[in-house]
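K.L.:
Before anything else, here's the structure in question.
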Amino acid sequence: MNQQTTRRLTTAQAIIAFLKNQYVERDGEEQTFFAGCFGIFGHGNIAGIGQALQQMPEFRYYQARNEQAMVHVAVAYAKTKNRLQTLACTSSVGPGATNMVTGAATATINRLPVLLLPGDIFARRNVAPVLQQLESEHTQDISVNDCFKPVSRYWDRISRPEQVLTALPEAMRVLTSPVETGAVTLGLPQDVQAEAYAFPTAFFQRRVWHIARNRPDRRALGHAAAWICASQRPLVIAGGGVLYSEATGILQRFVEQTGIPVGETMAGKGSLRFDHPLSLGAIGATGTFAANRVAQDADLVIGIGTRYSDFTTASKTAFQHPEVRFININVAAFDASKHLALPLVGDAKATLEELLTLLDGYAVAESYRTRSQQLHREWDVEVERIYAIRNQPLPSQGELIGAVNELSSPDAIMVCAAGSLPGDLHKLWRVRHPKNYHLEYGYSCMGYEIAGGLGIKMAAPERDVYVMVGDGSYLMMNSEIVTSIQENKKLVIVLFDNDGYKSIGSLSRSLGQDGFGTRYAYPSNGVLPGDTAGAELRTLPVDLAANARSLGAHVIECKTYADFVAALEAVQTVDHTSVIYIRNDRYMGVPDYESWWDVPVAEASEMPQVQRAYAAWSQKRTQEHYFLGQ
Ligand SMILES: Cc1ncc(C[n+]2csc(CCOP(=O)(O)OP(=O)(O)O)c2C)c(N)n1
Ligand SMILES: [Mg+2]
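Take the sequence shown: its position 177, counting from 1, is numbered 187 in this note's numbering, and each next residue is one higher.
Have a look at this one:
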């Protein structure tokens with residue numbers, strides 16, 4: 011070992027000292043990678059990471075109420091920052107740690123960077139079993155933190171202080187890689203966190219991680235240009251990668267030069283403004299008739315930054331042209347190769363720039379462009395129709411979405427994750443800037459909404475944040491209302507109460523199951539009521555508005571559409587988190603538009619409606635395709 015200057019620090023102090031000096035740079039712009047650390051302290055981290063954060067207040071500590079929620083805050087923060095910045099999360103050992111597992115899955119599935127620092131059991135073992143330890147008769151080399159392995163892109167356990175010298179650079183490599191990013195988990199045994207070691211001073215120097223814009227293979231680009239020129243009916247599917255790469259400007263030029271229309275995934279909505287004449291809006295199971303009709307007979311699909319989830323492909327039924335083929339632009343070879351596509355492995359922005367120069371002089375046939383524009387206009391009329399419904403006695407979700415869209419600032423960010431709202435929003439939300447629509451729909455995790463809203467507001471304090479949340483999601487996790495008040499980060503939370511699960515209720519009915527188990531109501535004769543329950547239905551005495559008020563929010567209760575509009579205006583002058591509470595209709599849904607989602611139906615049943623649903627499902631399944639390349 012050569013002579014190095016060293017600093018004697020605890021392992022935890024070394025981690026924080028390292029994290030606060032990590033920067034990223036893309037396109038010449040530098041910024042710190044970590045905006046601080048969220049955490050809940052217990053005996054597993056109080057003397058380690060807790061003490062280190064106390065000693066280094068320049069690395070801001072934020073207090074959460076729930077460990078899952080704090081990871082969701084970090085996920086939403088990273089998404090808003092296009093993956094160029096995130097937060098670390100510290101938890102105690104045991105339940106505090108496993109509470110973060112769901113958050114880790116949310117991050118990894120959505121390809122968003124978060125650094126998780128769960129406490130772990132004593133490395134020295136002599137005092138085992140310690141409080142909250144999972145024991146095993148087969149090995150001592152196991153803890154609940156092993157649960158993070160499948161949901162982390164990098165996982166490690168630090169059983170000696172000097173291991174951070176090699177683990178933290180690996181963590182940074184993965185977190186800052188657009189290809190590999192997701193949750194990174196470093197299990198930190200409670201004793202090791204507090205142990206000191208003489209760390210080389212050089213470890214703590216300012217370090218800048220360059221985020222590359224890799225370009226695809228030149229030959230593949232040439233093939234792609236030839237495929238596009240040969241295509242009669244090409245379609246772009248814009249996914250989250252368009253937004254993360256900040257490729258919306260070049261996408262618009264690409265579309266205008268070539269005349270190729272665009273359908274957007276859940277993560278990619280916002281790639282093109284809603285009023286662009288070649289925007290077909292949402293695609294797939296929750297898509298518009300405009301995008302879904304064009305997809306049906308597209309002969310070439312150009313997927314940009316998309317994972318091709320079942321919602322996007324309508325469970326592989328969206329593309330019915332017998333010779334349909336795919337060009338996939340993606341930083342990750344894994345995604346670029348899906349559907350046996352011609353893969354353009356590279357950054358979306360850089361790739362579109364190169365591809366566009368090769369397409370100089372090419373454009374789709376005028377009749378094709380005109381048809382896309384016509385469909386765009388027809389879809390807008392349909393949105394208008396739904397925005398204008400004034401359902402009685404309870405308003406419909408579609409008209410309420412319209413009011414939020416029209417009465418929120420065009421610069422605002424709307425966030426949602428689960429329930430019937432995401433599908434309706436995907437279809438109906440008129441997106442006015444690339445960050446206007448924030449849907450966590452990779453994991454569609456109930457409870458993300460409010461915590462996610464907080465992460466967005468922290469990442470973009472200059473924007474208004476509208477959280478759209480159902481009563482089910484609200485009940486699952488409303489705890490970070492308190493954090494939003496503590497940190498003075500105002501959220502406007504729009505709470506739709508329909509006495510339970512509207513989404514799963516309608517799914518249940520479509521499977522012949524009568525909404526069983528999806529309503530919030532008292533059991534009758536020991537059975538929870540379904541949708542055919544009549545006068546005997548007894549609702550629960552729950553007051554969600556009072557609940558929100560008790561957490562410190564400003565609450566406005568609405569009965570009618572007019573109340574709702576007034577509330578949306580009134581909250582604009584309130585200076586802290588506000589909740590607009592309204593009951594809406596469980597049965598008045600936004601229709602599906604020529605698409606499908608494969609959810610299995612019971613193959614054997616004594617219920618005739620289940621048998622009918624099974625027959626319809628078997629029929630539809632025959633339209634599912636394998637895409638085996640051309
Ligand atoms: C953590 C989690 N558990 C279960 C589900 C399955 N799920 C999807 S939507 C939903 C109901 C959501 O209810 P609510 O928030 O009231 O929205 P609504 O369906 O009424 O619009 C359930 C249980 C999920 N997505 N996430
Ligand atoms: Mg509900």
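Built from N, CA and C at the ideal position, the CB exists for glycine as well.
Bear in mind that the values here come from a model prediction, so they are computed numbers and not experimental data.
Per DSSP, what kind of secondary structure is Glu35 in: helix, strand or coil?
P.N.:
Start at 1 with the first residue of the sequence shown, and residue 35 comes out as number 25. The answer is strand: DSSP assigns Glu35 an E or B state.
K.L.:
Just mark His220 as buried or exposed, buried being the case when its beta carbon has 16 or more other beta carbons within 10 Å.
P.N.:
Walking along the sequence shown from the start, residue 220 turns up at place 210. His220 should be labelled exposed.
K.L.:
Given 7 Å as the limit, tell me if Gly429 has its C-beta closer than that to any heavy atom belonging to ligand 2.
P.N.:
Along the sequence shown, one-based indexing puts residue 429 at 419. Under cutoff, so the answer is yes.
K.L.:
Looking at the secondary structure, which residues open and close the beta strand (DSSP E) in which Phe336 lies?
P.N.:
As a first step, residue 336 must be located in the sequence shown, where it is residue number 326. Residues Arg335 to Asn340.
K.L.:
Would you tell me roughly how many angstroms separate the C-alpha atoms of Gln621 and Cys239, rounded to the nearest one?
P.N.:
Taking the sequence shown and counting its residues from 1, one reaches residue 621 at position 611. Taking the sequence shown and counting its residues from 1, one reaches residue 239 at position 229. Cα to Cα, Gln621 sits roughly 48 Å from Cys239.
K.L.:
Where does Pro10 land, buried or exposed, given buried means 16+ other C-beta within 10 angstroms?
P.N.:
Nothing can be reported for residue 10: it is not among the residues displayed for the chain, which extend from 11 to 640.
K.L.:
I need the straight-line Cα distance from Asn521 to Gly104, nearest angstrom please.
P.N.:
Along the sequence shown, one-based indexing puts residue 521 at 511. Along the sequence shown, one-based indexing puts residue 104 at 94. Looking at the sequence provided, one finds Leu at residue 521 rather than Asn. Whole-angstrom Cα-Cα distance: 39 Å.
K.L.:
Considering only residues of the same chain and omitting the five flanking positions on each side of Ser406, which have a CB-CB separation below 6 Å?
P.N.:
One-based indexing of the sequence shown puts residue 406 at position 396. Result list for Ser406: Ile399, Asp595 and Met598, in chain order.
K.L.:
At a cut-off of 7 Å, is Lys645 close to ligand 1 when judged by its beta-carbon and the heavy atoms of the ligand?
P.N.:
Coverage of the chain is limited to positions 11 through 640, which leaves residue 645 absent and any answer about it impossible.
K.L.:
Cα-Cα, which of Gly294, Tyr447 and Ala230 is closest to Leu354?
P.N.:
Here residue 354 corresponds to residue number 344 of the sequence shown, with the count starting at 1. Comparing Cα positions, the closest option is Ala230.
K.L.:
Who pairs with Pro244 in a beta bridge, going by DSSP?
P.N.:
The count along the sequence shown starts at 1 and reaches residue 244 at position 234. Answer is Leu310, bridged to Pro244.
K.L.:
Would you list the one or two residues that DSSP bridges to Val565?
P.N.:
Residue numbering aside, residue 565 sits at position 555 when the sequence shown is read from its first letter. Paired residues: Val589.
K.L.:
On the DSSP letters alone, give me the boundaries of the alpha helix (DSSP H) that Ala346 sits inside.
P.N.:
Looking up residue 346 in the sequence shown gives position 336. Start and end: Ala343 to Ala346.
K.L.:
Can you name, in chain order, every residue of its own chain whose Cβ lies under 8 Å from the Cβ of Ser169, other than the five neighbours on each side?
P.N.:
Here residue 169 corresponds to residue number 159 of the sequence shown, with the count starting at 1. The answer, listed in chain order, is Ala133, Pro199 and Val202.
K.L.:
Mind pulling the beta strand (DSSP E) runs of 3 or more residues that sit fully within the segment 316 to 399?
P.N.:
Fully enclosed beta strand (DSSP E) runs of 3 or longer: 335 to 340 and 352 to 355.
K.L.:
For Met182, which residues in the same chain have their Cβ closer than 7 Å to its Cβ, ignoring the five residues on either side in sequence?
P.N.:
One-based indexing of the sequence shown puts residue 182 at position 172. Around Met182: Gln32 and Trp219.
K.L.:
In terms of DSSP beta bridges, what is Trp606 paired with?
P.N.:
Position 596 of the sequence shown, counted from the start, is the residue given in the question as residue 606. Looking at the DSSP assignment, Trp606 forms no beta bridge with any residue, so it has no partner.
K.L.:
Which term fits Lys279, buried or exposed, when burial requires 16 or more other beta carbons within 10 angstroms of its beta carbon?
P.N.:
As a position in the sequence shown, residue 279 is number 269, starting the count at 1. The residue is buried, with at least 16 neighbouring Cβ atoms inside 10 Å.
K.L.:
From this set, Tyr591, Glu579 and Arg548, which residue's C-alpha is nearest Ala563's C-alpha?
P.N.:
Residue numbering aside, residue 563 sits at position 553 when the sequence shown is read from its first letter. Of Tyr591, Glu579 and Arg548, the residue nearest in Cα terms is Tyr591.
K.L.:
In whole angstroms, what separates the C-alpha of Val492 from that of Asp285?
P.N.:
By one-based count along the sequence shown, residue 492 stands at place 482. By one-based count along the sequence shown, residue 285 stands at place 275. Rounded to whole angstroms, Val492 to Asp285 spans 37 Å at the Cα level.
K.L.:
State the DSSP-derived secondary structure class of Met598, mapped to helix, strand or coil.
P.N.:
Residue numbering aside, residue 598 sits at position 588 when the sequence shown is read from its first letter. Residue state, collapsed to three classes: coil.
K.L.:
Going by C-alpha distance, which of Leu449, Asp370 and Gly250 is nearest Val477?
P.N.:
Taking the sequence shown and counting its residues from 1, the one referred to as residue 477 is at position 467. Ranking the options by Cα distance to Val477, first place goes to Leu449.
K.L.:
Per DSSP, what are the beta-bridge partners of Leu126 in this structure?
P.N.:
If you number the sequence shown from 1, residue 126 lands on position 116. Leu126 is bridged to Cys99 and Thr195.
K.L.:
Less than 7 Å between the CB of Cys455 and some heavy atom of ligand 1, yes or no?
P.N.:
For the purposes of this step, residue 455 is taken as residue 445 along the sequence shown, with counting starting at 1. At least one heavy atom of ligand 1 is nearer than 7 Å to the Cβ of Cys455, so yes.
K.L.:
Buried or exposed for Val609, going by 16 or more other Cβ atoms inside 10 Å?
P.N.:
Counting from 1 along the sequence shown, the entry for residue 609 is found at position 599. Under this definition Val609 is an exposed residue.
K.L.:
Helix, strand or coil for Ala24, going by three-state DSSP, please let me know.
P.N.:
Position 14 of the sequence shown, counted from the start, is the residue given in the question as residue 24. Residue state, collapsed to three classes: helix.
K.L.:
For Ile460 and Thr90, which I take to be in contact (beta-carbon distance under 8 Å), what is that distance rounded to the nearest angstrom?
P.N.:
Numbered from its first residue, the sequence shown carries residue 460 at position 450. Numbered from its first residue, the sequence shown carries residue 90 at position 80. That belief does not hold up - the Cβ atoms of Ile460 and Thr90 are roughly 15 Å apart, past 8 Å.
K.L.:
Report yes if the CB atom of Glu613 is closer than 8 Å to the CB atom of Tyr624, and no otherwise.
P.N.:
In the sequence shown, residue 613 corresponds to position 603, counting from 1. In the sequence shown, residue 624 corresponds to position 614, counting from 1. Yes.
K.L.:
Check whether the segment 204 to 216 touches the segment 296 to 310, counting contact only when three or more Cβ pairs, one atom from each stretch, lie closer than 8 Å.
P.N.:
Segments in contact, no.
K.L.:
Could you please give the first and the last residue of the uninterrupted beta strand (DSSP E) stretch that includes Tyr476?
P.N.:
Reading the sequence shown from its first residue, position 466 is the one you call residue 476. Here the beta strand (DSSP E) through Tyr476 covers Val475 to Gly480.
K.L.:
In its own chain, which residues sit with a C-beta less than 6 Å from the C-beta of Arg17, not counting the 5 before and 5 after it?
P.N.:
Here residue 17 corresponds to residue number 7 of the sequence shown, with the count starting at 1. Excluding residues within five positions, the ones whose Cβ falls inside 6 Å are Phe209 and Thr211.
K.L.:
To which residues of the same chain is Arg216 closer than 8 Å at the C-beta, ignoring the five residues directly before and after it?
P.N.:
Within the sequence shown, numbered from 1, the residue matching residue 216 stands at position 206. Asn31 and Tyr33, listed in sequence order.
K.L.:
Ends of the beta strand (DSSP E) at Met424?
P.N.:
As a working note, residue 424 is residue 414 in the sequence shown. Per DSSP, Met424 belongs to the beta strand (DSSP E) from Ile423 to Cys426.
K.L.:
I need the DSSP call for Cys7, collapsed to helix, strand or coil.
P.N.:
Since the first residue shown for the chain is 11 and the last is 640, residue 7 is missing from the structure and cannot be characterised.
K.L.:
Report the partner residues of Gln73 according to the DSSP bridge assignment.
P.N.:
Taking the sequence shown and counting its residues from 1, one reaches residue 73 at position 63. Bridge partners of Gln73: Gly49.
K.L.:
Would you call the CB atoms of Leu438 and Gly408 closer than 8 Å?
P.N.:
Locating residue 438 in the sequence shown gives position 428, where the first residue counts as 1. Locating residue 408 in the sequence shown gives position 398, where the first residue counts as 1. Taking 8 Å as the Cβ cut-off, Leu438 and Gly408 qualify as a contacting pair.
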